[in-house]
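Everything below concerns the one structure shown next.
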Amino acid sequence: MLRSALGLVLAIFALPAWAFSFTALDGSPLELSQWRGQPVLVVNTASLCGFTRQYGDMQSLYEEFGEQGLVVLAVPSDDFRQELGSNEEVADFCRVQTGLTFPITQITPVRGTQAHPFYQWLAEEHGHVPNWNFNKALIGPDGALIGFWGSAMRPTARAITREIRAALQ
Numbered sequence: 009m010l011r012s013a014l015g016l017v018l019a020i021f022a023l024p025a026w027a028f029s030f031t032a033l034d035g036s037p038l039e040l041s042q043w044r045g046q047p048v049l050v051v052n053t054a055s056l057c058g059f060t061r062q063y064g065d066m067q068s069l070y071e072e073f074g075e076q077g078l079v080v081l082a083v084p085s086d087d088f089r090q091e092l093g094s095n096e097e098v099a100d101f102c103r104v105q106t107g108l109t110f111p112i113t114q115i116t117p118v119r120g121t122q123a124h125p126f127y128q129w130l131a132e133e134h135g136h137v138p139n140w141n142f143n144k145a146l147i148g149p150d151g152a153l154i155g156f157w158g159s160a161m162r163p164t165a166r167a168i169t170r171e172i173r174a175a176l177q
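Take any residue in the sequence shown, count from 1 to its spot, add 8: that is its number in the working numbering.
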């Protein structure tokens, strides 16, 4: 019994990123599988964080590489107590006040026992747990993790854009 349960857990974490889904700000399903064959930059965000200026960098990446296939996905989280109080407030801040046009999920836990399954996969399969807001995970067209960068690395940094360009080839 224990062996079969362990096998099930290992099978779950051996999945590609395309196996996971989020809920969009408007409440609709946001299946990562819809972007199979495209690179996806997944960023855990917070509207009241000192790194919130990186939203502008994320929008720039989306505008520069979106037509070539890059998807930028913001995952607002209150795990570091810097997110607004509701999904409606996040939508107003991100869409109306900031003018972001890329996909954004509802407020989602990214660490600990309540972490979203995508972030459990990052932790268990790849050893990456966000230690603050604006950590970036680049998923390749095949659903595998290409890279993971911390808060201080701007989304437009050469290390990230180099990997994005390679994934778009």
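Ideal placement from N, C-alpha and C gives every residue a C-beta, glycine not left out.
Query, Result
"Cα-Cα separation, I147 to V80", "10 Å"
"Range covered by the beta strand (DSSP E) that runs through N52", "48-53"
"Rounded C-alpha distance that separates T53 from P24", "22 Å"
"Alpha-carbon to alpha-carbon, T121 and I20", "The predicted model places I20 with a pLDDT of 48, which falls under 50 and marks its position as unreliable, so this point remains unresolved."
"Validate contact between the region 154-163 and the region 104-119 using beta carbons, cut 8 Å, 3 pairs", "no"
"Every unbroken alpha helix (DSSP H) inside the region 75-108 [4 residues or more]", "95-99"
"Pairwise C-alpha distance: W43 and D150", "10 Å"
"Limits of the unbroken beta strand (DSSP E) element including A145", "144-147"
"Opening and closing residue of the beta strand (DSSP E) in which T31 lies", "29-31"
"Validate contact between the region 61-68 and the region 124-137 using beta carbons, cut 8 Å, 3 pairs", "no"
"Under the three-state DSSP convention, the category A13 falls into", "In this predicted model, A13 has a pLDDT of only 48, less than 50, meaning its place in the structure is not dependable; the value taken from the coordinates is given anyway. Correct three-state label for A13: helix."
"Neighbourhood of C57 by C-beta, 6 Å cutoff - its chain only, sequence neighbours within 5 removed", "Q90, N141"
"Buried versus exposed call for R119 [16 or more other C-beta atoms within 10 Å across all chains shown]", "buried"
"As assigned by DSSP and simplified to three states, the class of I20", "Annotation note: pLDDT 48 at I20 (below 50); position unreliable, coordinate value reported separately. Helix, per DSSP."
"Bounding residues of the alpha helix (DSSP H) (the contiguous stretch that carries I168)", "166-176"
"Exposure of H124, with buried meaning 16 or more beta-carbon neighbours within 10 Å", "buried"
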